[in-house]
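Those letters in the sequence shown? Residues 426 to 821, per the working numbering, in order.
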Amino acid sequence: MTPDEFRAQARDWLRSVADPLPSAGMWGTGDDSVAVFDNWTEQQELEHTERGRAWERTRFDQGWGALSWPAEFGGRALPVFYEQLYRAEESAFDVPRRSEIFPVTQQLVAPAIGIWGTEEQKRRWLRPMLRADELACQLFSETEAGSDLAAVRCKAVRQGDTWILDGHKVWTSGARVATWGVAVCRTDPDVAKHAGITVFLVRMDAPGVTVRPIRQMTGGSSFNEVYLDGVVVPDHDRLGPIGQGWRVTLSVLAAERLDSGSLGLGNADRAIDLARNAGRRLTDTERQQTAELFVRTLVQRLIGLRVTAALVAGRQPGAEASVGKLYATETMRRTSDLVLQLLGPRLVADTGEWGTFAWTEHLLGAPGYSIAGGSDEIQRTILAERVLGLPKEPSR
């Protein structure tokens, strides 16, 4: 099936199950949210997740989910970039917006299980995750480790055929709605830090798991702290070999950085529309900023195509993923700068005017992506060492 044939079929199917969105030219109508991180209460997150889950099941059951996966897991074994083609068509229809828990489950955790899981684990987890019957979050970050994920302290101690987990995780999206958490744990404190890590899938409703929401500047609580106090995990829920958890973790992080290249494009497009509909003549500075942001969106999409081309060629993108992540976070900064210029005081006063005060959620959330998915500093280090061949800075 050619890409054009695929897109035509996807469009026809979407028309049969969903309503098309109003024309993009209808400025000032519909939802004006540009939130970078969802700003929901727990009840709102639960309700939205259930709507999203129902849509994911519909897609999966009718052959439009898990497109690149083999048929044994409910897929169609299509090239990876067909998922992007589908998303481009779906964006024109009124369907539930995918909150972060869905791409984390289907694009980060499921592929890691596909690489590292046993045959029994693949049978048990992959199809339910791809259909969104089971949802997963990442229990990675810790306050003490900072950007050095290999410095995790959450420990797992083996007792026969089980492991006892104790520790504290932070910045976990989707913890309130996830079925499983992918936990990076220290299993051997006496070896090099990268060698003493093991990964487990932990039931989020298991005894000893406590989820505490973290209040954001925007007023919501997308992120959570997760406490693991004597949580018992059977060995058959261990993902990958003992002590090889760093390699498992890198599989997830690589997928996260690949996905981050598209970050902020929707909001950048919305900011450009804001300039078009300013209702006044733009200043020279505003015109220049708008033009530069427009060019950035084109370049960012081209970077995304390079990542896709690498996947189509059967290789894991390297520099493209880090470059795309850095470029995306800078696009988000430039979007904030343009909106500040265009709106001025209307940005900070909630007058009820469409498309004005809503931008505060972008401005408050965008800086977080310079840390999420591997900080900008980490990405620059990767490029310096692995692409430019620069020596590592000596330890002090």
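Note that beta-carbon positions come from the ideal geometry of N, C-alpha and C, so glycine has one too.
Predicted model only: the values in this text are computed from it and were never measured.
Residue i versus residue j - alpha carbon distance
{"i": "residue 388", "j": "residue 782", "result": "Missing from the structure shown is residue 388; the chain here goes from 426 to 821 and no further."}
{"i": "residue 646", "j": "residue 599", "result": "10 Å"}
{"i": "residue 894", "j": "residue 503", "result": "Residue coverage of the chain in this structure runs from 426 to 821, which leaves residue 894 outside it and unanswerable."}
{"i": "residue 429", "j": "residue 488", "result": "17 Å"}
{"i": "residue 769", "j": "residue 514", "result": "35 Å"}
{"i": "residue 440", "j": "residue 433", "result": "11 Å"}
{"i": "residue 368", "j": "residue 590", "result": "For residue 368 there is no data in the structure shown, the boundaries of the chain being 426 and 821."}
{"i": "residue 580", "j": "residue 636", "result": "18 Å"}
{"i": "residue 548", "j": "residue 555", "result": "12 Å"}
{"i": "residue 464", "j": "residue 643", "result": "7 Å"}
{"i": "residue 454", "j": "residue 629", "result": "39 Å"}
{"i": "residue 449", "j": "residue 788", "result": "Residue confidence is low: residue 449 scores 48 on pLDDT, short of 50, so the model does not pin down where it sits. Its coordinate-derived value is still stated next. Approximately 23 Å between the Cα atoms of the pair."}
{"i": "residue 533", "j": "residue 587", "result": "25 Å"}
{"i": "residue 443", "j": "residue 520", "result": "7 Å"}
{"i": "residue 427", "j": "residue 641", "result": "45 Å"}
{"i": "residue 816", "j": "residue 747", "result": "18 Å"}
{"i": "residue 796", "j": "residue 603", "result": "23 Å"}
{"i": "residue 545", "j": "residue 658", "result": "16 Å"}
{"i": "residue 568", "j": "residue 576", "result": "10 Å"}
Residues sharing a beta bridge with residue i, DSSP
{"i": "residue 579", "result": "Answer is none; residue 579 lacks a bridge partner."}
{"i": "residue 650", "result": "637"}
{"i": "residue 785", "result": "In DSSP, residue 785 forms no bridge with anything."}
{"i": "residue 593", "result": "652"}
{"i": "residue 598", "result": "648"}
{"i": "residue 563", "result": "607"}
{"i": "residue 731", "result": "According to DSSP, residue 731 bridges with nothing at all."}
{"i": "residue 625", "result": "608 and 663"}
{"i": "residue 442", "result": "None; residue 442 has no bridge partner."}
Expected contact under 8 Å - CB spacing of residue i and residue j to nearest Å
{"i": "residue 670", "j": "residue 622", "result": "4 Å"}
{"i": "residue 507", "j": "residue 431", "result": "6 Å"}
{"i": "residue 445", "j": "residue 517", "result": "6 Å"}
{"i": "residue 375", "j": "residue 745", "result": "Residue 375 cannot be examined here, being either before or after the span of the chain that is shown, 426 to 821."}
{"i": "residue 651", "j": "residue 634", "result": "7 Å"}
{"i": "residue 756", "j": "residue 725", "result": "6 Å"}
{"i": "residue 597", "j": "residue 649", "result": "5 Å"}
Within the chosen definition, does the region 697-711 reach the region 469-478 through at least 3 CB pairs nearer than 8 Å? no
Determine contact between the region 554-567 and the region 607-624, defined as no fewer than three beta-carbon pairs at a distance below 8 Å. yes
Any contact between the region 659-677 and the region 521-537? By contact I mean 3 or more CB pairs, one from each, below 8 Å. yes
Taking the runs of the beta strand (DSSP E) that are 3 residues or longer, which of them lie wholly in the region 465-505? none
Of all the alpha helix (DSSP H) runs that stay within the bounds of the region 682-728, which reach a length of 4 or more residues? 690-701
Every unbroken alpha helix (DSSP H) within the region 507-557, with a cutoff of 4 residues, ordered by chain: 507-515, 535-541 and 544-555
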